[in-house]
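Student: Quick one: the structure is below, questions incoming.
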Amino acid sequence: MTENETLRLFSEAILHSPVAVALSDAKGKFLFTNDRFTQLTGYGSNDLRGRKQRHQDAFALFPLMETAFHTCLVQQQEMQLHRKNGESCWVFLTARPLPDSSGALTHVLLFLEDVSTRKEYEQLAEHMAFYDALTDLPNRVLFHGRLKMALEHARQSAGKLAVILMDLDRFKVVNDTLGHEAGDHLIQQVAGRLQAAFPEKILVARMGGDEFVLLMPGILHFQEAFRQVQSLMNLFHEPFQCLGQELHITVGLGIALFPEDGEDPMSLLKNADSALYEAKSIGGGQYKFYTTRLNATASAQLSLETALRHALDEEQFQLAYQPQVDIRTGQILGVEALVRWRHPDQGLLAPDRFIALAEETGLIVPMGKWILRTACRQAVVWQKLHPFLRMAVNLSVRQFQEPELIESVLGICQETGLDPKRLELELTESMLANEATASLALQWLSKKGISLALDDFGTGYSSLSYLKHYPIRTLKIDRSFIRDCLTNSDDAAIVTTIISMAHHMGMAVVAEGVELEGQLQLLRMAGCDVYQGFLFSTPLPAVEMTRLLKETRFGPWKRAGMRPSFTPDRPDSLTG
Ligand code: C2E
Ligand code: CA
Ligand code: CA
Numbered sequence: 001m002t003e004n005e006t007l008r009l010f011s012e013a014i015l016h017s018p019v020a021v022a023l024s025d026a027k028g029k030f031l032f033t034n035d036r037f038t039q040l041t042g043y044g045s046n047d048l049r050g051r052k053q054r055h056q057d058a059f060a061l062f063p064l065m066e067t068a069f070h071t072c073l074v075q076q077q078e079m080q081l082h083r084k085n086g087e088s089c090w091v092f093l094t095a096r097p098l099p100d101s102s103g104a105l106t107h108v109l110l111f112l113e114d115v116s117t118r119k120e121y122e123q124l125a126e127h128m129a130f131y132d133a134l135t136d137l138p139n140r141v142l143f144h145g146r147l148k149m150a151l152e153h154a155r156q157s158a159g160k161l162a163v164i165l166m167d168l169d170r171f172k173v174v175n176d177t178l179g180h181e182a183g184d185h186l187i188q189q190v191a192g193r194l195q196a197a198f199p200e201k202i203l204v205a206r207m208g209g210d211e212f213v214l215l216m217p218g219i220l221h222f223q224e225a226f227r228q229v230q231s232l233m234n235l236f237h238e239p240f241q242c243l244g245q246e247l248h249i250t251v252g253l254g255i256a257l258f259p260e261d262g263e264d265p266m267s268l269l270k271n272a273d274s275a276l277y278e279a280k281s282i283g284g285g286q287y288k289f290y291t292t293r294l295n296a297t298a299s300a301q302l303s304l305e306t307a308l309r310h311a312l313d314e315e316q317f318q319l320a321y322q323p324q325v326d327i328r329t330g331q332i333l334g335v336e337a338l339v340r341w342r343h344p345d346q347g348l349l350a351p352d353r354f355i356a357l358a359e360e361t362g363l364i365v366p367m368g369k370w371i372l373r374t375a376c377r378q379a380v381v382w383q384k385l386h387p388f389l390r391m392a393v394n395l396s397v398r399q400f401q402e403p404e405l406i407e408s409v410l411g412i413c414q415e416t417g418l419d420p421k422r423l424e425l426e427l428t429e430s431m432l433a434n435e436a437t438a439s440l441a442l443q444w445l446s447k448k449g450i451s452l453a454l455d456d457f458g459t460g461y462s463s464l465s466y467l468k469h470y471p472i473r474t475l476k477i478d479r480s481f482i483r484d485c486l487t488n489s490d491d492a493a494i495v496t497t498i499i500s501m502a503h504h505m506g507m508a509v510v511a512e513g514v515e516l517e518g519q520l521q522l523l524r525m526a527g528c529d530v531y532q533g534f535l536f537s538t539p540l541p542a543v544e545m546t547r548l549l550k551e552t553r554f555g556p557w558k559r560a561g562m563r564p565s566f567t568p569d570r571p572d573s574l575t576g
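Okay, so the sequence shown: first residue is 1 according to this note's numbering, each after it adds one.
Laid out in structure tokens, this is it:
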């Protein structure tokens, strides 16, 4: 055979080889591609004239070709490739550097094998190792892995997490009477409902049979876990449609918390399981926390919540009013409205017993409207005694997030006839966190004449200079600084600094919780504008406040042994 004939046969062999072959020069310009290469990638050598054209598809080949050039070594790698038509495939790529007759590297030879089918099987096998075949939820193995990771994270951030085991009640009856097909169908529907109900950060997994498990990381306190338990229970209010049958299903839940109930995956799961066992033993549709004490807390919380839902309709809320007094003249400038709940069994409850709950349940929104309306109505009545009296009303974060906040506030001013100039809204620093939305809302309110006060100043993170962005008229120095300002020189310094800086920025300062004459003196020396506290008066019911306003109508009022009268006793908090 002549040399030419041999070469021709070789090139025929390569051209029709079942392995994809291509030849590129040092610049990445393809000189040759065989049939299989074109079939696999969609590209012929005409398409790949130079790397400059940077087909997204050819990209994956270039880095390895380059390495082959630089290292003079054969490179091999499995990689995902985009075909010319956009589809992707997996290939096993070999890049072999080719020297010319003088030994200099001038070309790279590429071999591509299609490994997509094997890759798909591998991925399927991997999926099957970690996901449940019936529901496609994560399985026990994946759950364990995630729990381990979540525990590490919780330990580092000193956070909490909850493990909730869930088991369908009487699932065996469904299986025995309707058959396994119906049972499977039910399990799938339960899985679907669980997955749709919870955000991604909550992991829902199937442990096997009719047992599911939820992992809730980043829990701040027990109430949060409890709230999720309730939403989990609520998911089963609606019946399931199962092969033409309507099935009413209840579930049992067992809850274990980190760190209280276990430090590692095994003990948390074991304890959640024993809590579940206990829940199941009392009957259907029950939950149990592993820590027995929490069960009592949960049921007290639940009954408080139920009662709170009725409190508004049954007119159990009342407002107390605490005077805000001009430090220089001793005259009442305004009052702060403070809510109380006359609980049918527990007597008068202070806001810290129910405001957080009202926020969590969203009840704060209608309740906040009631508070604002009542306070505004009252302010209008008191205007006859005190034409310039200002009414300060606390706003909760949740209310602040309502899109209709501004409309609702202005609507209430209009409906009650209160001049917005006589209304002050007390905000907290957390509301300012989202600068864009906060600033817009506050500009609007302030444009309408409503004054804005920043409550509990000094307890949050915001610096005074940060407040420049907002139209805030008044700073209320938090009670804790006033409480200790006579005994702690740091607190005294903080108080005087806040006052002088606030004045510098054109804001007025209210001192909260003034109980002692000495505190008042210190504040007066520091140039504080207004004070509020037991020294002058506790929060009062409207009738008593009316009397006080009448007495002080023509000037400053001398205290005459005012006793606390509308400040609820503070029983131990429910939780804890
Ligand atoms: P706050 O806005 O800082 O209200 C002042 C709290 O300090 C009131 O407690 C008041 O009774 C108490 N206080 C006033 N003077 C003194 C004093 O001289 N010494 C001491 N030790 N305490 C004094 P209250 O009424 O229990 O309210 C607690 C918190 O509940 C309020 O703190 C406020 O954050 C919230 N809150 C009260 N009413 C409402 C409301 O209508 N809506 C909203 N969203 N939150 C409210
Ligand atoms: Ca306040
Ligand atoms: Ca305050």
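Think of the CB as a built atom: it goes at the ideal place given N, C-alpha and C, for glycine as much as any other residue.
Who pairs with L112 in a beta bridge, going by DSSP?
Tutor: To locate residue 112, count along the sequence shown from 1; it is residue 112. Answer by DSSP bridge pairing, in chain order: A20 and L93.
Student: By a C-beta neighbour count over all protein chains shown, 10 Å radius and 16 as the cutoff for buried, is K52 buried or exposed?
Tutor: Residue numbering aside, residue 52 sits at position 52 when the sequence shown is read from its first letter. Any reading at K52 must be qualified, since the residue scores a pLDDT of 46, below 50, and its modelled position is unreliable; no value is offered.
Student: Nearest to R547 by CA position, among C528, G460 and L385, is which residue?
Tutor: Translated into positions along the sequence shown, residue 547 becomes position 547. Residue L385 is the option with its Cα nearest to R547.
Student: Within 10 angstroms of the Cβ of Q301, are there 16 or more other Cβ atoms? Answer buried if so, exposed if not.
Tutor: Here residue 301 refers to the residue found at position 301 when the sequence shown is read from its first residue. When all chains shown are included, Q301 counts as buried.
Student: Please find out if some non-hydrogen atom of ligand 2 comes closer than 7 Å to the beta-carbon of E424.
Tutor: Your numbering for residue 424 matches position 424 in the sequence shown. No, ligand 2 has no heavy atom inside 7 Å of this Cβ.
Student: Give me the Cβ distance between N530 and V325, rounded to the nearest whole Å; I'm assuming they're in contact under 8 Å.
Tutor: Start at 1 with the first residue of the sequence shown, and residue 530 comes out as number 530. Start at 1 with the first residue of the sequence shown, and residue 325 comes out as number 325. Sequence check: residue 530 is Val here, not Asn. Confirmed, about 6 Å.
Student: For the alpha helix (DSSP H) that K172 lies in, which residues bound it at each end?
Tutor: In the sequence shown, counting from the first residue as 1, residue 172 sits at position 172. Taken as a continuous stretch (DSSP letters only), the alpha helix (DSSP H) holding K172 covers F171 to L178.
Student: Since R553 sits in a beta bridge, which residues does DSSP pair it with?
Tutor: One-based indexing of the sequence shown puts residue 553 at position 553. None, per the DSSP bridge assignment.
Student: In three-state terms, what does DSSP make of Y321?
Tutor: On the sequence shown, position 321 is the one that residue 321 refers to. If DSSP states are grouped into helix, strand and coil, Y321 belongs with the strands.
Student: Smallest Cα separation from P18: which of L31, K29, S11 and F37?
Tutor: By 1-based counting over the sequence shown, the position of residue 18 is 18. For the residues L31, K29, S11 and F37, the minimum Cα distance to P18 belongs to F37.
Student: Quick check: is any heavy atom of ligand 2 less than 7 Å from the C-beta of D455?
Tutor: Translated into positions along the sequence shown, residue 455 becomes position 455. Yes - ligand 2 has a heavy atom lying nearer than 7 Å to the Cβ of D455.
Student: What ranges does the beta strand (DSSP E) occupy inside the segment 464–529, keeping only unbroken runs of at least 3 residues that lie completely in it?
Tutor: Counting whole runs of 3 or more residues, the segment 464–529 contains the beta strand (DSSP E) stretches 474–477 and 508–511.
Student: Which of the three DSSP states, helix, strand or coil, is assigned to K52?
Tutor: Along the sequence shown, one-based indexing puts residue 52 at 52. In this prediction, K52 scores a pLDDT of 46, lower than 50, which makes its location untrustworthy; the coordinate-derived value is nonetheless stated afterwards. In the structure shown, K52 sits in a helix (DSSP, three-state: H, G or I).
Student: Count Cβ pairs between the segment 201–218 and the segment 234–241 that sit closer than 8 Å; are there 3 or more?
Tutor: no
Student: Is any non-hydrogen atom of ligand 4 found closer than 7 Å to the C-beta of D478, if you look at the structure I gave you?
Tutor: In the structure shown, ligand 4 is absent; the only ligands present are ligand 1, ligand 2 and ligand 3.
Student: Mind checking which residues open and close the beta strand (DSSP E) that includes T33?
Tutor: Here residue 33 refers to the residue found at position 33 of the sequence shown. Where T33 is concerned, the enclosing beta strand (DSSP E) stretches over F30 to T33.
Student: In this structure, what does DSSP give as the bridge partners for S88?
Tutor: Your numbering for residue 88 matches position 88 in the sequence shown. H82.
Student: Going by the DSSP bridge assignment, what does D25 pair with across the sheet?
Tutor: The residue you call residue 25 lines up with position 25 of the sequence shown. Note: D25 sits in a beta bridge opposite H107.
Student: What's the call for I282, buried or exposed, on a 16-neighbour Cβ count within 10 Å?
Tutor: Position 282 of the sequence shown, counted from the first residue, corresponds to residue 282. Classification for I282: exposed.
Student: Taking the alpha carbon of Q156 as the reference point, which residue from E263, V495, M1 and I499 has its own alpha carbon closest?
Tutor: Numbered from its first residue, the sequence shown carries residue 156 at position 156. Minimum Cα distance to Q156 is reached at E263.
Student: Is the segment 504–518 in contact with the segment 476–488, if contact means three or more CB pairs nearer than 8 Å?
Tutor: yes
Student: For F3, does the count of other Cβ atoms within 10 angstroms reach 16, so buried, or fall short, so exposed?
Tutor: On the sequence shown, residue 3 is found 3 positions in, with the first residue counted as 1. Note that residue 3 is Glu in the sequence shown, not Phe. Exposed.
Student: Measuring straight from C-alpha to C-alpha, what distance separates E602 and P351?
Tutor: Lying before the first or after the last residue shown, residue 602 is absent from the chain, which here runs from 1 to 576.
Student: Could you check if A337 belongs to the surroundings of ligand 1, using beta carbon to heavy atom distance under 7 Å?
Tutor: Locating residue 337 in the sequence shown gives position 337, counting from the first residue. Yes, since a heavy atom of ligand 1 falls inside the 7 Å radius drawn around the Cβ of A337.
Student: Across which residues does DSSP place F457 in a beta bridge pair?
Tutor: For this step, residue 457 is matched to residue 457 along the sequence shown. Answer by DSSP bridge pairing, in chain order: I477.
Student: Is P239 helix, strand or coil by DSSP?
Tutor: Taking the sequence shown and counting its residues from 1, the one referred to as residue 239 is at position 239. Coil, per DSSP.
Student: Between T250, E544 and H144, which lies nearest to V204 when the distance is taken from Cα to Cα?
Tutor: On the sequence shown, residue 204 is found 204 positions in, with the first residue counted as 1. Checked all of T250, E544 and H144; the closest Cα to V204 is H144.
Student: If you follow the beta strand (DSSP E) that L349 is in, where does it begin and where does it stop?
Tutor: The residue given as residue 349 occupies position 349 in the sequence shown. Here the beta strand (DSSP E) through L349 covers G347 to L349.
Student: Measure the alpha-carbon distance for V74 versus S231 and round it to whole angstroms.
Tutor: By 1-based counting over the sequence shown, the position of residue 74 is 74. By 1-based counting over the sequence shown, the position of residue 231 is 231. Distance from the CA of V74 to the CA of S231, rounded to the nearest whole angstrom, comes to 59 Å.
Student: Who are the Cβ neighbours of A225 in its own chain at under 7 Å, not counting the five residues just before and after it?
Tutor: As a first step, residue 225 must be located in the sequence shown, where it is residue number 225. Excluding residues within five positions, the ones whose Cβ falls inside 7 Å are A162, M216, I219, I255 and L257.
Student: Taking the C-alpha atoms as reference points, what is the distance between M391 and G159?
Tutor: Here residue 391 refers to the residue found at position 391 when the sequence shown is read from its first residue. Here residue 159 refers to the residue found at position 159 when the sequence shown is read from its first residue. In a straight line, the C-alpha of M391 is about 40 Å away from that of G159.
Student: By Cβ distance, which residues of its chain are closer than 6 Å to I355, with the 5 residues on each side in sequence left out?
Tutor: Residue mapping note: residue 355 aligns to position 355 of the sequence shown, counting from 1. Taken in chain order, the list of residues that qualify is empty.
Student: Exposed or buried, what is G86 when buried is set at 16 or more other beta-carbons lying within 10 Å of its beta-carbon?
Tutor: Numbered from 1 along the sequence shown, position 86 holds the residue referred to as residue 86. Under this definition G86 is an exposed residue.
Student: State the start and end residues of the unbroken beta strand (DSSP E) segment that holds K288.
Tutor: Here residue 288 refers to the residue found at position 288 when the sequence shown is read from its first residue. Element bounds for K288: Y287 to F289.
Student: Does DSSP put N434 in a helix, a strand or coil?
Tutor: On the sequence shown, residue 434 is found 434 positions in, with the first residue counted as 1. Note: N434 maps to coil in three-state DSSP.
Student: Between which two residues does the alpha helix (DSSP H) carrying G145 extend?
Tutor: Counted from its first residue, the sequence shown places residue 145 at position 145. Here the alpha helix (DSSP H) through G145 covers R140 to Q156.
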